[in-house]
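Residue numbers (UniProt numbering): 1 to 175.
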């Protein structure tokens, strides 16, 4: 029976540092090296200290795409493989390089879109409004299909939704 191995990396983070598009010296293949900041699970107020800055490399058309369309701060999904290499530097010392070689990269959100979203959330933050409302009461759920009402009265705004069975429900919420 043949043994199976897997070398697959999946990262979701923001482009933290972007290098310039270069070409290999002998075959002119384009590549770009950059870093993706990936938050650790123990997130605190200081996001920089709680992030790993993962070195990645993109080759050929992917490198050109990253160079032309992605910027520092963009949220990306990176699929690739973990790569290691060794070379001799100018001091005649061996240097190990560890990086993720990208096989697929997707833009999830640009920095501009993130900034606009955060600005919008700052002016329309539901949680902030909820906490500042001193007349907060239990919400009342109203099931219009059976005219039943249970204790979920919260706002004067009404929301309608449909369930999987196409039954219509009214949500009467007070903010």
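Quick reminder that beta carbons are idealized off the backbone N, C-alpha and C, glycines included.
Small disclaimer: the values here were computed from a predicted structure and weren't measured.
Residues that DSSP places opposite residue i in a beta bridge
i	result
residue 109	75
residue 57	33 and 101
residue 85	97
residue 12	77
residue 38	52
Residue i versus residue j - alpha carbon distance
i	j	result
residue 106	residue 68	13 Å
residue 15	residue 75	7 Å
residue 50	residue 89	31 Å
residue 3	residue 80	21 Å
residue 130	residue 87	Confidence is the limiting factor: at residue 130 the pLDDT is only 44, short of 50, which leaves the residue's position unreliable and the question unanswerable from this model.
residue 9	residue 77	10 Å
residue 22	residue 7	26 Å
residue 20	residue 56	13 Å
residue 40	residue 52	7 Å
residue 83	residue 122	41 Å
residue 70	residue 97	24 Å
residue 13	residue 92	35 Å
residue 188	residue 1	Outside the displayed span of the chain (1 to 175) sits residue 188, for which this structure offers no information.
Reduced DSSP secondary structure (H/G/I, E/B, other) of residue i
i	result
residue 115	helix
residue 96	strand
residue 24	coil
residue 80	strand
residue 19	coil
residue 5	coil
residue 68	helix
Buried/exposed call for residue i, threshold 16 Cβ in 10 Å
i	result
residue 62	buried
residue 72	exposed
residue 113	exposed
residue 35	buried
residue 5	exposed
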